[in-house]
Structures are given as C-alpha cells and as structure tokens.
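Each residue of the sequence shown is one higher than the last, beginning at 1 in UniProt numbering.
Beta carbons are placed, not taken as given, at the ideal position from N, Cα and C, and that holds for glycine.
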Amino acid sequence: MFGDCGHGTVMLLAALWMVLNERRLLSQKSSNEIWNTFFNGRYLILLMGIFSIYTGLIYNDCFSKSFNIFGSSWSVRPMFRNGTWSDHVLEANPYLQLNPATPGVYSGNPYPFGIDPIWNLASNKLTFLNSYKMKMSVILGIVQMVFGVILSLFNHIYFRKTVNIILQFIPEMIFILCLFGYLVFMVIFKWCQYDVHMSQHVPSILIHFINMFLFNYADPSNVPLYKHQVCSC
Numbered sequence: 001m002f003g004d005c006g007h008g009t010v011m012l013l014a015a016l017w018m019v020l021n022e023r024r025l026l027s028q029k030s031s032n033e034i035w036n037t038f039f040n041g042r043y044l045i046l047l048m049g050i051f052s053i054y055t056g057l058i059y060n061d062c063f064s065k066s067f068n069i070f071g072s073s074w075s076v077r078p079m080f081r082n083g084t085w086s087d088h089v090l091e092a093n094p095y096l097q098l099n100p101a102t103p104g105v106y107s108g109n110p111y112p113f114g115i116d117p118i119w120n121l122a123s124n125k126l127t128f129l130n131s132y133k134m135k136m137s138v139i140l141g142i143v144q145m146v147f148g149v150i151l152s153l154f155n156h157i158y159f160r161k162t163v164n165i166i167l168q169f170i171p172e173m174i175f176i177l178c179l180f181g182y183l184v185f186m187v188i189f190k191w192c193q194y195d196v197h198m199s200q201h202v203p204s205i206l207i208h209f210i211n212m213f214l215f216n217y218a219d220p221s222n223v224p225l226y227k228h229q230v231c232s233c
C-alpha cells in the first residue's frame, strides 16, 4: 500500500462504511462481481487504509503535499546573512542549495515526526525520498522476515521436528542475518556515523554489498564504512 495519509483516509472511510453496514449489505445479496470483490476484501482494505495513513504520516505526504505542524528545521536566513545569497543570486539561479554546514541553516534537531516539510519544495525531493523509502522498506522487510523465521521455530518445537530446526531454521537464520541483517546494520550505521561535514566522502552501501559477493575487498573508489571492516589476509 502506498504511503499517503490522504488517500489512506479515503480508503479507510470507504472500508469502515462497508464494515459498519456489512449486515445490511450482506442481506442485499448483490450479484455485481466488482462490488463483491471490494466487499469481500473490506477488512483488508480497512487495514490497508490504516497502514497507509501511518506511512503517510511517516513520509509527511498527504495528497502529495506536506504538513508543516512543528515548523521546519531548516532556515534560509543564514544564507543571506553570511552573504552567500543575495537578490541578484536569486534572480540569476532557478535552483539554490541550502548548505547545512553553514551555522543556522540546519538547527541540528530533526523534524519530530516524519519527513521535514521543506523537502516538498526541493528539486531533489524524489532522489532523497526514494532512497529513504527504499532503505526503510529493506529494514522493515528484513525485520518481518526474521520474525517469520522465528515463528517457524515454535512450529518445529511444537511438532517436535528437531531435524527441521537443525537443517532448516538454523541455516535460514544464518543466511538472512549474515547477508541482509548485515545490510540493515550498514544502513543504520551509515545514518548514525556520517553527518553533513562528511557527506562528500560517504561510501556506497550498494558497492560494499556487491564487493562482498565478488570478494573484491581492494576497491580504492569505495572506502570502508568503519575501521577493520575489510581484513586483508
């Protein structure tokens, strides 16, 4: 389901109407195939609407517009105060970049909940948001898969299938944690380790992940994420 709290609200209200009036609607015994498809999936649509509202709030997206509830953490005034920008610069350049390294441009405090609304005005909005959403999808997806594998362990224990624990559960956990769990670790570590002052020298997680499979540890174009990440034998 897409992350838009506006569209999610519309779906939630439609599903809620079907759920609250399901007895009356069931008694009509409609033969309309399209209507029956939607009606039979009313609880699924209800959940989709709820989660769409939640993710829409996380992405600060409502009908492709952003809420500015808490006030942006970014300010353009310091760019004028230090002489970087002027009226002439504004007239001559259709696009200007805020420099977070300039004191006062970025407050240092992230937006309390969701994406800062200033990104709705940025020309590189899609580049940033697509990267952010992809990483969030990877993290949540891996957490969900690990949770599913852990649930399978309880099934194996309940049915007393020791062989399945040894030959299925343990290899699955080793595989998913050593590969995708490590990927999630690199994503979170990169978020925490590198700030605006180091943004020009941030290594690529994708290249690191590919090089790990290719055993290519001597790539001078991509520096290690942390000390002793690459061990030369």
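Item                                                                                                                                                 : Value
Output yes or no for whether 7 Å exceeds the beta carbon distance between Ile207 and Met186.                                                         : no
How would you write the range of the alpha helix (DSSP H) that Gly104 sits in, first residue to last?                                                : That residue, Gly104, is in no alpha helix (DSSP H); it is neither H nor E in DSSP.
Taking 8 Å as the cut-off, does the stretch 74 to 91 touch the stretch 123 to 140 (at least 3 CB pairs, one atom from each stretch)?                 : no
Just to check my reading of the structure: Pro117 and Asn60 have Cβ atoms closer than 8 Å, yes? What is that Cβ distance to the nearest angstrom?    : 6 Å
Between the alpha carbons of Lys190 and Asn155, how many angstroms are there, rounded?                                                               : 36 Å
Run the CB neighbour count on Val143, radius 10 Å, all protein chains shown included, and call it buried at 16 or more, exposed below.               : exposed
State buried or exposed for Val105, treating a residue as buried only when at least 16 other CB atoms are found within 10 Å of its CB.               : buried
Measuring straight from C-alpha to C-alpha, what distance separates Tyr226 and Cys192?                                                               : 12 Å
In three-state DSSP terms, what is Lys65?                                                                                                            : strand
So, at 7 Å on beta carbons, what are the nonlocal neighbours of Tyr46 in its own chain, with the 5 sequence-adjacent residues on each side left out? : The sequence shown places Leu at residue 46, rather than the Tyr named in the question. The answer, listed in chain order, is Leu12, Ala15, Leu16, Val19.
Give me whichever residues DSSP pairs with Trp35 in a beta bridge.                                                                                   : The partner list for Trp35 (beta bridge, DSSP) is empty, contrary to what the question assumes.
Along the chain, where does the alpha helix (DSSP H) containing Arg42 start, and where does it finish?                                               : 42 to 58
In this structure, how does DSSP classify Trp74 when only helix, strand and coil are distinguished?                                                  : strand
If you run the structure through DSSP and keep just helix, strand and coil, what is Ser137?                                                          : helix
With 16 as the cutoff for other CB atoms within 10 Å, does Arg42 come out buried or exposed?                                                         : buried
At what residues does the alpha helix (DSSP H) containing Ser27 begin and finish?                                                                    : 22 to 28
Going along the chain, which unbroken runs of the alpha helix (DSSP H) with 4 or more residues stay wholly within the stretch 150 to 214?            : 170 to 176, 182 to 193, 205 to 214
Under 8 Å Cβ to Cβ from His7, same chain only, skipping five residues before and after it: list those, please.                                       : Ser52, Gly56, Phe63
In whole angstroms, what is the alpha-carbon distance linking Leu121 and Lys29?                                                                      : 49 Å
Answer with buried or exposed for Met79, where buried requires no fewer than 16 other C-beta atoms within 10 angstroms of its C-beta.                : buried
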